[in-house]
Ligand code: C5P
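Next comes the structure, spelled out in structure tokens:
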């Protein structure tokens, strides 16, 4: 039996894609499946934690032991996270959050005509950066999916978002797949997790978090 490394801890996880509405039937989303975040939710529960999963739209069953809050847009995801974060010890932002939302979504289905249609996009709030810059933040873990210069961009992101731990994965490996290959970046350096099913990566990640956690949490 694995020791319950995170017994008594509450872990808040975001997972899946967001969906930004254009009109009554259309929207902007991405190819995130939610599999990595859901695997992390399962691994966190196995490690003894209380798990809250804020999820965009996915085709996945709720992991055992997780309390799931369904959201659609990045702003809804932010609201759900803000409602839960104060009671959480660890925050893991796995969701592929849209960078932009549609400023002027249409209530009705937009009709086709001969004109050029312009969508105005405005930047979404950065949920993870908002959580990590709170006065007494939970232990914050971010994800970075890059298609090039992975470690350089990821470490820059870790420092910019003030994260004790960031999980770097190549877009080509991560999105939609059942396996993943990642590099964990923290103040001590890099830890490579070789290609493995997402649940194995998730369990190793939880063990890594449990090792780092006490040194960072100050209360
Ligand atoms: O900056 P970038 O979007 O690549 O950062 C990725 C990390 O930040 C992921 O952990 C993601 O869940 C989180 N994020 C967020 N809110 C956003 C954008 C990204 O929480 N609006």
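In full-length UniProt numbering, the protein residues as written are 178 to 396. Glycine included, each C-beta is placed from N, C-alpha and C at the ideal position. None of the values given here were measured: they were computed from a predicted structure.
Counting only unbroken stretches of 4 or more residues, the alpha helix (DSSP H) elements lying wholly within the segment 326–361 are 327–337, 348–351, in sequence order.
Sequence-distant partners of residue 224 (beyond 5 residues in either direction) whose C-beta falls short of 6 angstroms from its own C-beta, in its chain, are 182, 183, 383.
Sorting 189, 198, 287 by C-alpha distance to the C-alpha of residue 260 places 189 at the top.
With respect to residue 339, residue 309 sits close: the two C-beta atoms are nearer than 8 angstroms. Residue 341 has its CB no nearer than 7 angstroms to any heavy atom of ligand 1.
According to the DSSP assignment, residue 293 belongs to no alpha helix (DSSP H), since it is labelled neither H nor E. Within a 10 Å sphere around the beta-carbon of residue 324 sit fewer than 16 other beta-carbons, which makes this residue exposed. Per DSSP, reduced to three states, the secondary structure at residue 302 is coil, with no helix or strand assignment.
DSSP places residue 255 in no beta strand (DSSP E) but in the uninterrupted alpha helix (DSSP H) bounded by 251–261. Proximity of the segment 299–314 to the segment 206–220 falls short of the contact definition, fewer than three beta-carbon pairs being nearer than 8 angstroms. Exclusion of the five residues before and after residue 379 leaves 216, 217, 220 as the residues of its chain whose Cβ lies within less than 6 angstroms of its Cβ. In terms of Cβ geometry, residue 344 and residue 316 do not form a close pair [threshold 8 angstroms].
Taking C-beta separations shorter than 8 angstroms and ignoring five residues to either side along the sequence, the partners of residue 241 in its chain run 219, 222, following chain order. Annotation for residue 247: 232 place their beta carbon closer than 7 angstroms to its own, counting only its chain and skipping 5 residues before and after.
Shown here for residue 206: same chain residues with a beta carbon closer than 6 angstroms to its own, the five before and five after excluded, namely 194, 196 in chain order. The set of residues whose C-beta lies within less than 5 angstroms of a heavy atom of ligand 1 reads, in chain order, 270, 272, 274, 301, 303, 304, 305, 319, 320. With distances taken between CA atoms, residue 208 lies nearest to 192 out of 304, 192, 365, 199. The alpha-carbon of residue 390 is positioned some 22 angstroms away from that of residue 375. In this structure, the alpha-carbon of residue 388 lies about 32 angstroms from that of residue 253.
Among the bridge pairs identified by DSSP, residue 188 is matched with 228, 267.
At the C-beta level, residue 274 and residue 251 come within 8 angstroms of one another. For residue 377, the three-state secondary structure derived from DSSP is helix. For the 8 angstroms CB-CB criterion, residue 318 and residue 298 do not form a contact.
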